[in-house]
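Student:
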Amino acid sequence: MNPPRDNNKDKDRWDMSEWNIFSTDGPDDFDEVTDDQEEEDPDLIVIESKDDDEIIHRSIWFRRFLRFIAILVLTVFLAAFVLPSSIAGVWDYVSRPKEPDYYSLIASGEPVLRFDRQKIRYSIVMPENSPADAIRYFEAPLMRAMDSWDTPLGDRIDFVPAESTGTDDLLIHFVTDLRSAGLATLRSGTRYRPEIFIKMEVTGPMPNPVMLETVACHELGHALGIWGHSNYDGDCMYPIASRRTPSDRDIRTMRLIYGLDGGV
Ligand SMILES: [Zn+2]
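For the sequence shown, the numbering used here begins at 40 and goes up steadily by one.
Shown next as structure tokens:
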């Protein structure tokens, strides 16, 4: 472009024209086509050659493919992790009993059977011919189950080892031949002296500590005074125990049995 140079007026006019050429405000100078428009209507794109056409279309399809993969991954993630736990949470809320305890199920007018002393002296009996160190595999889960009960009962109950067999208040048998996983009974006599049986359940080279603790939690619950069962499978005292520690409902029920929180 060669504007005339012999006239100042013309020079100014041409300079203005040059500015206008590079202005992006003019309606016809540049048509900006956004990505969305491209995808909604590929015809909007001004195609200069067949090669460009192919490259642009490939790019659009590639973005659509990536978006599809992202949605697919998100859907799989939601279906695999978020949805099941949400459904489980809702189901737990719906199925969970509204009563904070199940005391009424186990104390139907009968005198409540429970320890009347604070220190519960216990003895452990292992099967005959057990290896000398076998007890150490079974003691740890049993101690954890004891702690899980006596801690929420505060000073009311405290488990201590008996000085000798015969002076105990609670006898704990680990046995190999038992039809169920555990059992709790009361020994005859005038004093409250329960005994519990826990199946050793050795299915591999080592006993399963989680199973031992679960059964111990349930049978100790009986021995302490819950001579009945919960009606909710989220409690340790449900007939088929699946918890290895007492639930809030288990603890509230036990506290009521011991006259704590305004119970008996
Ligand atoms: Zn039971």
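Each residue gets a CB set at the ideal place from its N, CA and C atoms; glycine is no exception.
Being a predicted model, the structure only gives us computed values, none of them experimental.
1) CA-CA distance, S134 and K158?
2) Three Cβ pairs or more, each shorter than 8 Å: is that satisfied between the region 246 to 263 and the region 278 to 295?
3) When DSSP labels each residue in this structure, what does R102 get in the three-state scheme?
4) Could you give the uninterrupted runs of the alpha helix (DSSP H) lying entirely in the region 225 to 278, keeping only those of 4 residues or more?
5) Going straight from the alpha carbon of F69 to that of V129, what length do you get?
6) P180: which of L259, A127, L192 sits nearest, CA to CA?
7) Compute the distance between the beta-carbons of I296 and V112, then report whether it is under 8 Å.
8) Any heavy atom of ligand 1 closer than 7 Å to the Cβ of H257?
9) Looking only at C-alpha atoms, which of F101, R153, Y142, L117 sits nearest to T229?
10) According to DSSP, which residues form a beta bridge with P200?
11) What I want to know is whether the C-beta of P278 ends up closer than 7 Å to one or more non-hydrogen atoms of ligand 1.
12) Does DSSP classify A220 as helix, strand or coil?
13) Does the beta-carbon distance from S162 to A201 come in below 8 Å?
14) Tell me I211's beta-bridge partners as DSSP assigns them.
15) Please report the straight-line C-alpha distance between R156 and S124, rounded to a whole angstrom.
Tutor: If we stick to the structure as given:
1) Stepping through the sequence shown from its first residue, residue 134 is reached at position 95. Stepping through the sequence shown from its first residue, residue 158 is reached at position 119. Computed Cα separation, rounded: 37 Å.
2) Yes, they touch.
3) The sequence position of residue 102 within the sequence shown is 63, counting from 1. DSSP, read as helix, strand or coil, puts R102 in helix.
4) Secondary structure in the region 225 to 278: the alpha helix (DSSP H) runs of 4 residues or longer, each lying completely within the stretch, are 248 to 263 in chain order.
5) The sequence position of residue 69 within the sequence shown is 30, counting from 1. The sequence position of residue 129 within the sequence shown is 90, counting from 1. Low confidence applies to F69: its pLDDT is 46, below 50, so where it sits in the model is not reliable, and the reading given next is rough at best. Using only the alpha carbons, I get a separation of about 56 Å.
6) The residue given as residue 180 occupies position 141 in the sequence shown. Distance from the Cα of P180 is smallest, within the candidate group L259, A127, L192, for L259.
7) As a working mapping, residue 296 is identified with position 257 in the sequence shown. As a working mapping, residue 112 is identified with position 73 in the sequence shown. No, they are not a contact pair.
8) Sequence index remark: in the sequence shown, residue 257 carries index 218 (1-based). With a cutoff of 7 Å, H257 counts as near ligand 1, since its C-beta is closer than that to a heavy atom of the ligand.
9) Here residue 229 refers to the residue found at position 190 of the sequence shown. Taking T229 as reference, the option from F101, R153, Y142, L117 with the minimal CA-CA separation is R153.
10) Here the question's residue 200 lines up with position 161 in the sequence shown. P200 is bridged to Y161.
11) Numbered from 1 along the sequence shown, position 239 holds the residue referred to as residue 278. Yes.
12) Sequence index remark: in the sequence shown, residue 220 carries index 181 (1-based). In this structure, A220 counts as coil in the three-state DSSP scheme.
13) Here residue 162 refers to the residue found at position 123 of the sequence shown. Here residue 201 refers to the residue found at position 162 of the sequence shown. Yes, these two residues count as a Cβ contact at 8 Å.
14) The residue you call residue 211 lines up with position 172 of the sequence shown. In the DSSP output, where bridge partners are listed per residue, I211 has I163, I235.
15) Taking the sequence shown and counting its residues from 1, one reaches residue 156 at position 117. Taking the sequence shown and counting its residues from 1, one reaches residue 124 at position 85. About 44 Å.
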